[in-house]
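Inspection log for the structure reproduced underneath, given as structure tokens.
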Amino acid sequence: MSSDRGSVSVIAAGVLVAVMVLALGAADVARVLVAASRAQTAADAAALAAAQGLVVPTGVEPSVSAGELAARNGARIRSCVCGAGTLEARVEVEMPVGPLFLSADDRVVVASARAVVDVPGA
1 MSSDRGSVSV
11 IAAGVLVAVM
21 VLALGAADVA
31 RVLVAASRAQ
41 TAADAAALAA
51 AQGLVVPTGV
61 EPSVSAGELA
71 ARNGARIRSC
81 VCGAGTLEAR
91 VEVEMPVGPL
101 FLSADDRVVV
111 ASARAVVDVP
121 GA
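Start counting the sequence shown at 1; every next residue gets the next number (my numbering).
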């Protein structure tokens, strides 16, 4: 019976380590979900800016406007398909996730958006 002494401490330490790993994993998932939400917001805003530039020319290329708006939201444009003479803009952005506990820090999330301008009478 004396050989069982301290076995609860070993089990408690193992449970504590498992709980800590789960907590760190949950924090990483939360950080990725926040980055994905922010990336989608940046993609939506960039697509709208590009579509507006197609309909109401300002002298600035729509892709440049989209890139500037994405950058203001912390993202970087991967692609912007917004050709002159069209009323549709497709944008894809990437955003860094930031430091994670259980993974490499160079992770990015990607989001895409499409904006179509409906011009009355067109």
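No residue lacks a Cβ here, since even glycine has one placed at the ideal position from N, Cα and C. Predicted, not measured: the structure shown is a model, and the values here were computed from it.
Euclidean distance between Cα positions of residue i and residue j
{"i": "R72", "j": "V10", "result": "51 Å"}
{"i": "A70", "j": "S7", "result": "56 Å"}
{"i": "A23", "j": "L16", "result": "10 Å"}
{"i": "T58", "j": "E68", "result": "14 Å"}
{"i": "V32", "j": "V21", "result": "17 Å"}
{"i": "A66", "j": "G85", "result": "17 Å"}
{"i": "V81", "j": "V34", "result": "26 Å"}
{"i": "G74", "j": "T41", "result": "10 Å"}
{"i": "A13", "j": "L100", "result": "24 Å"}
{"i": "S79", "j": "V119", "result": "25 Å"}
Reduced DSSP secondary structure (H/G/I, E/B, other) of residue i
{"i": "S112", "result": "strand"}
{"i": "P62", "result": "helix"}
{"i": "V93", "result": "strand"}
{"i": "R78", "result": "strand"}
Distance CB(residue i)-CB(residue j) smaller than 7 Å
{"i": "A89", "j": "A51", "result": "yes"}
{"i": "V145", "j": "A46", "result": "With the chain covering only 1 through 122, there is no way to say anything about residue 145."}
{"i": "D28", "j": "L102", "result": "yes"}
{"i": "L48", "j": "A115", "result": "yes"}
{"i": "R123", "j": "V93", "result": "Here the chain has residues from 1 to 122 only, and residue 123 is not among them."}
{"i": "A39", "j": "M95", "result": "yes"}
Beta-carbon separation (whole angstroms), residue i vs residue j, contact threshold 8 Å
{"i": "V109", "j": "A36", "result": "5 Å"}
Counted within 10 angstroms of its Cβ, other Cβ atoms place residue i as buried (16 or more) or exposed
{"i": "A160", "result": "A query on residue 160 cannot be resolved here, the shown segment of the chain reaching from 1 to 122 and no further."}
{"i": "A30", "result": "exposed"}
{"i": "P62", "result": "buried"}
{"i": "G53", "result": "buried"}
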